[in-house]
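Heads up: the structure comes next, in structure tokens.
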Amino acid sequence: MDVVEKATEIANKYNDLELIDKKIIINQPEIWKFQFGDRQLNLVEPMIDNFEKFNSNTGWKQDRTAWGQVMQALAHFSFHCSGGQFTPCDLQGGVYSDGVVLTDPVVMSRNQRFGPTDLGGEGIDSFFSRHVCNEYCREWWTRPARRQATFADRKGTTMIRVQTQTGRSPFSRQYY
Ligand SMILES: [Zn+2]
Numbered sequence: 001m002d003v004v005e006k007a008t009e010i011a012n013k014y015n016d017l018e019l020i021d022k023k024i025i026i027n028q029p030e031i032w033k034f035q036f037g038d039r040q041l042n043l044v045e046p047m048i049d050n051f052e053k054f055n056s057n058t059g060w061k062q063d064r065t066a067w068g069q070v071m072q073a074l075a076h077f078s079f080h081c082s083g084g085q086f087t088p089c090d091l092q093g094g095v096y097s098d099g100v101v102l103t104d105p106v107v108m109s110r111n112q113r114f115g116p117t118d119l120g121g122e123g124i125d126s127f128f129s130r131h132v133c134n135e136y137c138r139e140w141w142t143r144p145a146r147r148q149a150t151f152a153d154r155k156g157t158t159m160i161r162v163q164t165q166t167g168r169s170p171f172s173r174q175y176y
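Per full-length UniProt numbering, the very first residue in the sequence shown carries number 1; after that it's consecutive.
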């Protein structure tokens, strides 16, 4: 939920600049508790049409289309206006006539505060080692001084490995 809030703040700042004539909206999930059955908590989101993936958290990118390029520029803009603190990525969602609705974004932060998909400073540096500025970027936007690709360039979402005790037995049933 923290991630969604930060991504929304970034998208709103980008929309306010009016660099493009369309809007970027972040899908707002809600937690629903069903009254019947096992009453479990469910994270639900409005349904999205025309789903596309624009980038991953390691810098894999689709920049063949205008929206693909706008998403790479959004990540660059965020780095610039947050003083290098935040880069939204894993941008995916639905393209509509008046804008894009992004769902389930990742935000990478210097101090790695957004969970296992936040690859921290090294993630931000890896991401920018693969960023190519396009017509939606501005040449005065700052970039990381260090552009080292620590993480491999994958389309899927990369997570930080959690150190575990390898001597322990695995799950006795499948939880996922
Ligand atoms: Zn750029």
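The beta carbon of each residue, even a glycine, is placed where N, CA and C say it ideally should be. Computed from a predicted structure; not experimentally measured.
- Message: Let me confirm a value: Asp49 is counted as buried when at least 16 other C-beta atoms fall within 10 Å, else exposed. Which label applies?
- Response: exposed
- Excluding the five sequence neighbours on either side, which residues of its own chain have a C-beta within less than 7 Å of the C-beta of Thr157, listed in chain order? The residues are Ser56, Asn57, Asp90, Val106 and Thr117.
- Task: Excluding the 5 residues preceding and the 5 following Tyr96 in the sequence, name in chain order all residues of the same chain whose CB lies nearer than 8 Å to its CB.
- Result: Asp49 and Asn50
- Task: Measure the alpha-carbon distance for Gln148 versus Gly59 and round it to whole angstroms.
- Result: 12 Å
- Extent of the continuous alpha helix (DSSP H) to which Val70 belongs: Unbroken alpha helix (DSSP H) run through Val70: Ala66 to Cys81.
- Query: Ordered along the chain, which non-local residues of its own chain (more than five positions away) have a Cβ less than 8 Å from that of Ile25?
  - Reply: Apart from sequence neighbours up to five positions away, the residues of its chain that approach Ile25 with a beta-carbon distance below 8 Å are Ala11, Gly99, Val100, Val101 and Leu102, ordered along the chain.
- Neighbourhood of Thr150 by C-beta distance below 6 Å, restricted to the same chain and skipping five residues each side: Glu122 and Ser126
- Message: When you compare the CB positions of Asn28 and Phe54, do they come within less than 9 Å of one another, or not?
- Response: For the record, residue 28 in the displayed sequence is Gln; it is not Asn. Their beta carbons are not under 9 Å apart, which means Gln28 does not touch Phe54 by this criterion.
- Message: Just verifying my parser: in three-state terms, what is the DSSP assignment at Lys61?
- Response: strand
- Query: Nearest to Pro144 by alpha carbon, out of Ile160, Phe77 and Tyr136?
  - Reply: Phe77
- Task: Tell me whether the beta-carbon of Trp141 lies closer than 9 Å to the beta-carbon of Phe79.
- Result: yes
- Nearest candidate by alpha-carbon position, reference Glu30, set Gln69, Asp63, Glu52 and Met1: Met1
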